[in-house]
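Take a look at the structure set out below.
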Amino acid sequence: MIRFAVNIPARVREWWFMGAVAGIIYGVLLLQAAMVLPPGAPLTGQVSYQPLWKCAMALLLARAAWFHRPLGERRWLVVALVFSAIGDLLLAMPGLRISFIGGLSAFLLAHLAYLRLFVPLGADLRAHRLIGCGLIIGAAGTLLSRFWPNLGELTLPVVVYIGVLAAMACAALLARLPTPLTALGAICFLISDALIGTARFLSAFDTYQLGIWWFYAAAQVLIVAGIVGHRHTDAAPAATDGA
Numbered sequence: 004m005i006r007f008a009v010n011i012p013a014r015v016r017e018w019w020f021m022g023a024v025a026g027i028i029y030g031v032l033l034l035q036a037a038m039v040l041p042p043g044a045p046l047t048g049q050v051s052y053q054p055l056w057k058c059a060m061a062l063l064l065a066r067a068a069w070f071h072r073p074l075g076e077r078r079w080l081v082v083a084l085v086f087s088a089i090g091d092l093l094l095a096m097p098g099l100r101i102s103f104i105g106g107l108s109a110f111l112l113a114h115l116a117y118l119r120l121f122v123p124l125g126a127d128l129r130a131h132r133l134i135g136c137g138l139i140i141g142a143a144g145t146l147l148s149r150f151w152p153n154l155g156e157l158t159l160p161v162v163v164y165i166g167v168l169a170a171m172a173c174a175a176l177l178a179r180l181p182t183p184l185t186a187l188g189a190i191c192f193l194i195s196d197a198l199i200g201t202a203r204f205l206s207a208f209d210t211y212q213l214g215i216w217w218f219y220a221a222a223q224v225l226i227v228a229g230i231v232g233h234r235h236t237d238a239a240p241a242a243t244d245g246a
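In terms of the working numbering, the sequence shown opens at residue 4 and continues consecutively.
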């Protein structure tokens with residue numbers, strides 16, 4: 004990760020590094036809580052100022068993205084991270100009636116912003132990328148079929164969310180970028196959300212709490228690193244600058 008960080012412009016790298024550290028610290032706090040609690044005990048409410056700790060990573064990464072160029076990419080990257088922070092905040096407060104659906108809505112908007120960011124970056128249509136997209140679509144369909152009997156009134160929101168999530172991950176996989184970091188980050192996002200869905204609709208949430216956070220933190224840090232890193236050319240696609 005240090006080698007990849009060198010490719011990030013200095014002003015961006017400072018905030019990106021702080022965001023990565025915030026994500027690690029929160030993950031360690033969760034791990035410490037899990038070690039002293041009975042197996043499977045909920046970790047929500049076990050960390051002081053937990054909602055603030057949970058959204059700190061995304062907010063710091065958004066600050067890093069604020070210094071990114073070109074402007075079109077910066078706008079959508081910041082929007083995606085701010086909505087992610089809102090989703091983190093809501094999901095960290097399960098006592099709110101809108102906690103889950105509000106968090107789902109915030110992350111849906113975050114995925115739409117990421118999708119808007121990735122699409123103008125072009126299409127890498129090499130075979131392994133296309134195969135990866137096929138696997139993502141297949142995994143999304145499989146998850147939806149498993150969740151379906153238990154969705155109830157959340158059927159439409161979950162179907163829309165999974166569709167947008169798969170589209171975002173495929174767009175990241177096909178984006179023309181000098182490193183695979185953003186594609187790897189999108190896959191980590193897919194895994195994290197799959198664990199959330201599994202926990203919400205198939206089994207006890209507490210089983211996956213640590214895995215959900217670590218995959219999510221890796222997703223955001225890797226996506227941002229792949230976007231803000233130095234590229235072979237500073238010229239961005241015309242459609243991106245005009246966004």
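No residue lacks a Cβ here, since even glycine has one placed at the ideal position from N, Cα and C.
Predicted model only: the values in this text are computed from it and were never measured.
Is it right to say residue i is buried, meaning 16 or more other beta carbons lie within 10 angstroms of its own, or is it exposed?
i	result
I11	buried
I101	exposed
M38	exposed
I28	exposed
P41	exposed
V163	exposed
S195	buried
W18	buried
I134	exposed
Y211	buried
Y117	buried
L128	exposed
R77	buried
A126	exposed
L74	exposed
G98	exposed
H71	buried
A130	exposed
L159	exposed
G232	buried
G188	buried
T243	Residue confidence is low: T243 scores 41 on pLDDT, short of 50, so the model does not pin down where it sits. No coordinate-derived value is stated.
A44	exposed
L205	exposed
G48	exposed
G90	buried
When the Cα of residue i is compared with those of the options, which residue comes out closest?
i	options	result
A67	A130, L93, A13, Q53	A13
L46	P54, A174, A36, R16	A36
I165	G141, G90, L74	G141
A143	A130, R129, L168	L168
A59	C136, F20, G105, R78	F20
L32	C173, V50, A175	V50
I230	L213, L138, A175	A175
N153	L92, T201, S108	T201
A95	L205, R119, G155, Q53	Q53
P123	G90, L34, L177, L157	L177
C136	I199, W216, W217, A186	A186
G106	L120, I199, W217	I199
L157	F103, W69, I226, I139	F103
A109	T145, I139, V161	V161
Segment contact flag, the stretch 180–190 with the stretch 144–152, C-beta cutoff 8 Å, min 3 pairs: no
contact_flag[the stretch 24–34, the stretch 56–63] where n(CB pairs < 8 Å) is 3 or more: yes
Sufficient close CB pairs (3 or more, under 8 Å) joining the stretch 79–90 to the stretch 106–116: yes
Stretch-stretch touch, CB-based, cutoff 8 Å, three pairs: the stretch 211–223 with the stretch 187–201: yes
Start-end ranges of the alpha helix (DSSP H) lying completely within the stretch 175–226, minimum 4 residues: 184–204
Those runs of the alpha helix (DSSP H) which lie wholly inside the stretch 75–122 and span at least 4 residues: 102–121
Alpha helix (DSSP H) runs contained entirely in the stretch 39–79, provided each spans 4 or more residues: 53–68
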